[in-house]
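Numbering (the working numbering) for the sequence shown: 15 to 213. Note that beta-carbon positions come from the ideal geometry of N, C-alpha and C, so glycine has one too. Please read these numbers as outputs of a predicted model, since none were measured by experiment. Contents: one structure, followed by commentary.
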Amino acid sequence: MIFGDDISRPRVLRVLPGEDEVAAYAAEQEWDPISFRQADPAQGVNYEVVWLTEDNLTLHYRQDYVSRSACFLFAGDDPELAEHLAAEMDTALDAYSVEELIDAATTTTEPPERGRALLRLGFGSPPTADDRILPVITAGLRDPDPDLRRTAIWATTYAPWPQYRAPLAELATGEPVPDVRDLAQATLQILERREQDDT
Numbered sequence: 015m016i017f018g019d020d021i022s023r024p025r026v027l028r029v030l031p032g033e034d035e036v037a038a039y040a041a042e043q044e045w046d047p048i049s050f051r052q053a054d055p056a057q058g059v060n061y062e063v064v065w066l067t068e069d070n071l072t073l074h075y076r077q078d079y080v081s082r083s084a085c086f087l088f089a090g091d092d093p094e095l096a097e098h099l100a101a102e103m104d105t106a107l108d109a110y111s112v113e114e115l116i117d118a119a120t121t122t123t124e125p126p127e128r129g130r131a132l133l134r135l136g137f138g139s140p141p142t143a144d145d146r147i148l149p150v151i152t153a154g155l156r157d158p159d160p161d162l163r164r165t166a167i168w169a170t171t172y173a174p175w176p177q178y179r180a181p182l183a184e185l186a187t188g189e190p191v192p193d194v195r196d197l198a199q200a201t202l203q204i205l206e207r208r209e210q211d212d213t
């Protein structure tokens, strides 16, 4: 982040791509755009536009090519203010609530749609573990369908909470499908590396 590492919960937008609506809101607040990053999916890079607020927080609009979703969030050194600004903007732009994201991930029965719902839930996860979200994605990691397990692993990467360590470790050692097991091992290594960097 440019002005601090504390971020609000990402708000997943209902209408895609949603960039015009986010830009219009930023313009109404007289926030200046300060950064633009073009997407490069081959390198794992998402499209992003950043604005600077008068409080030295940054507003980020992001398009995620994996979940095929877009979100906005605020970042800076004041997490309470970042969340407050996100909640105000949420009201204006009508993003998905956490409850709606969870409902989609738990009530959708078709595997492809459920997988996309899990990815959106991961994309919209806050930086610290949420007890409402954690069991939903963990259930995906333990689903009988290997495609869904694979997708759930990807969902953990948006907000790599330490609580994902145990279910990822189970897959890293006991997953019968080789590419799912490899993905779990790689994701677990990244999670452990992040934990070491934070200590």
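With fewer than 16 other CB atoms across the displayed protein chains lying within 10 angstroms of its CB, ALA106 is exposed.
Contact check between the segment 76-90 and the segment 126-135: three or more CB pairs, one atom from each, fall below 8 Å, which counts as touching. CA-CA distance, ASP69 to ALA38, rounds to 19 Å.
ASP144 sits in coil when the DSSP states are folded into three classes, being neither helix nor strand. Note on the segment 69-114: whole alpha helix (DSSP H) runs with a minimum of 4 residues are 93-107, in chain order. The bridge partners DSSP lists for PRO47 are TRP65. Taking 8 Å as the cut-off, the beta carbon of ALA89 is found no closer than this to the beta carbon of LEU66. Per DSSP, the unbroken alpha helix (DSSP H) holding GLN203 starts and ends at 192-212. Counting other Cβ atoms within 10 Å of its Cβ, VAL36 reaches 16 or more and is therefore classed as buried.
Rounded to whole angstroms, the gap between the alpha carbons of ASP193 and GLU206 is 20 Å.
Between VAL64 and the set SER49, PRO55, GLY154 and GLY58, the nearest pair of CA atoms involves SER49. Taking the CA atoms as reference points, ALA100 sits about 17 Å from PRO47.
Straight-line spacing of the CA atoms in LEU73 and GLU209 works out to 26 Å.
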